[in-house]
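Inspection log for the structure reproduced underneath, given as structure tokens.
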Amino acid sequence: MTGGVLLLAIGVWMVVDALIRGTGRTPWLALAGLLLGAPLVIAFTVRPVVLAGATRMLVRNPFRTITIPWSAVESVRARYSSEVVAGGRTYQLWSVPVSLRARKRALRRTGRGTAGVPGHVHGGLADGVVRAPSDQAIVTLRELAERHGPEEAAQGPVRVRWAYEIIAPAVAGAIALAVLLATG
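Counting in the working numbering, the sequence shown runs from 6 upward without gaps.
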């Protein structure tokens with residue numbers, strides 16, 4: 006997220022510089038480039054989030070938002086990416102990245118930290134297992150789905166909404182940039 010904010014700041018700085026010092030079509034090219042690039046930077050760095058409430062899970066990926074009631078969740082898993090299966094479809098959880106390196110490190114800590122010390126937790130959970138942050142998030146989501154799935158308030162269909170607030174400016178910027186470059 007910090008990287009995305011820094012990229013946006015650098016982009017705005019470059020566009021302001023092009024507007025002040027640029028000549029000819031340079032300011033227009035810079036504005037079109039920012040109109041194309043800013044929504045994409047926001048989509049891939051700032052926008053992704055997973056919010057878990059008492060009745061549903063909200064998954065906000067770069068180009069769409071998925072609202073999943075807990076009763077519709079079939080499984081939550083983390084293999085090479087974090088995924089939730091709901092309504093027969095698989096949805097990626099962009100904001101919960103899986104790190105195989107962190108997973109290996111947690112596996113080493115589990116073997117080393119609890120060996121020979123009964124009941125001792127070394128940076129892990131009460132069961133003595135140290136998990137990678139992404140795996141712990143998946144376990145938490147799985148527990149929430151099991152706990153809240155049968156509740157009456159957690160019923161309903163899966164809803165998918167495209168993020169036109171990201172797509173429309175990016176397409177407009179791409180068209181403006183293409184027109185400016187083609188008429189060059």
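In this text, a Cβ means the ideal position worked out from N, Cα and C, and glycines have one as well.
Small disclaimer: the values here were computed from a predicted structure and weren't measured.
Just checking my contact of residue i with residue j at CB under 8 Å: how many whole Å lie between their CB atoms?
i	j	result
residue 40	residue 181	6 Å
residue 62	residue 146	7 Å
residue 9	residue 50	3 Å
residue 91	residue 139	Not quite, the Cβ-Cβ distance comes to about 19 Å (not below 8 Å), so this is no contact.
residue 162	residue 77	7 Å
residue 72	residue 152	Actually they are not in contact, since the Cβ atoms of residue 72 and residue 152 sit about 18 Å apart, beyond 8 Å.
residue 189	residue 37	Not confirmed; about 12 Å, so no contact.
Going by the DSSP bridge assignment, what does residue i pair with across the sheet?
i	result
residue 165	71
For a test of the three-state rule: what should DSSP assign to residue i, helix, strand or coil?
i	result
residue 9	helix
residue 141	helix
residue 31	helix
residue 154	coil
residue 101	coil
residue 52	coil
residue 188	coil
residue 134	coil
Keeping to the same chain, check which residues put their C-beta closer than 7 Å to that of residue i; ignore five residues upstream and five downstream.
i	result
residue 142	101
residue 98	55, 64, 87, 88 and 89
residue 124	Bear in mind that the predicted position of residue 124 carries a pLDDT of just 48, short of 50, making it unreliable; the figure below should be weighed with that in mind. Nothing listed; no residue qualifies.
residue 175	41, 44 and 45
residue 16	39, 42 and 43
residue 53	65, 66, 67, 99 and 100
residue 33	185
residue 57	146 and 149
Between which residues of its own chain and residue i is the CB-CB distance below 6 Å, once the five residues before and five after are set aside?
i	result
residue 112	none
residue 35	20 and 23
residue 48	67 and 171
residue 187	none
residue 167	69
Could you pull out every residue in the same chain whose Cβ sits closer than 8 Å to the Cβ of residue i, ignoring the five residues on either side in sequence?
i	result
residue 121	For residue 121, the predicted structure reports a pLDDT of 47, less than 50, and the residue's modelled location is therefore unreliable. A value from the coordinates is still provided. None.
Exercise for review: Jot down the residue ranges of each uninterrupted beta strand (DSSP E) in the stretch 54–99, minimum 3 residues, whole runs only, in chain order.
Suggested key: 54–57, 61–65, 69–74, 78–83, 87–91 and 94–97
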